[in-house]
Amino acid sequence: MLKRLSYLNIFLAMAYLLLFVTGRNFVLIGGVCIVVIFNAFVIKKIQKKGQFGLVYAGLAICCLCFWAYLTMGCTYIVQSAIEHRYFADVWNYLIPTSLFLLSIILQLFFSLQYFKAHQVTEK
C-alpha cells in the first residue's frame, strides 16, 4: 500500500508541476521536488528494509510544510472565489490540488506508521 501510494504521489507531483506551475514560483517547484525525493527515498527504504533516518525526517517535515503552503493557497483561492463570486475555473484547480494534498498527508501518515513498526521489529 505504501509503495503504491508513493508512486501515486510522485505521479501527482509531476502532474501538479506540469499543470499549475507556469511562473517562477520557486517554493512550488522546490516543494514538488522535495515530495518526489521523499517518496523516492521511501520506496528505496521499503525495498531495502532500512530505517527511518534524520534525513528522511527532515524531508518529511519539509513535505508537511509544503502541504501547509498548498493548503493555505487553496484557502485563499476559495476565499477569493467567494468574494468575487467566480467559481468557473476554481474547481479545475481545487480538485487536482486536493487530491495531491490528500496523497501527501496520507503518504506522511503511512510512512510514519510503517517506519515506526519497522523500528520496533528491528530492536
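Numbering (our numbering), first residue to last: 90 to 212.
Using N, Cα and C, we set each Cβ at its ideal position, and we do this for glycine too.
- Item | Exposure of W180, with buried meaning 16 or more beta-carbon neighbours within 10 Å | exposed
- Q136, buried or exposed, once every other Cβ within 10 Å from all chains shown has been counted against 16: exposed
- Can you grab the Cα-Cα spacing for the pair S172 / V116, in whole Å? A small correction: the amino acid at residue 172 is Glu; Ser does not occupy that position in the sequence shown. Approximately 26 angstroms between the Cα atoms of the pair.
- Who are the near neighbours of K92 in its chain, counting only those whose CB is closer than 7 angstroms to its CB and skipping five residues on each side? I132, I135
- Look up V131 in the DSSP assignment and say whether it is helix, strand or coil. helix
- Query: Since F199 and Y105 are thought to touch, with beta carbons under 8 angstroms apart, how far apart are those beta carbons, to the nearest angstrom?
  - Reply: Not really, about 20 angstroms apart at Cβ, beyond 8 angstroms.
- Item | Unbroken alpha helix (DSSP H) run spanning N216, endpoints | Not covered by the structure: residue 216. The range shown for the chain is 90 to 212.
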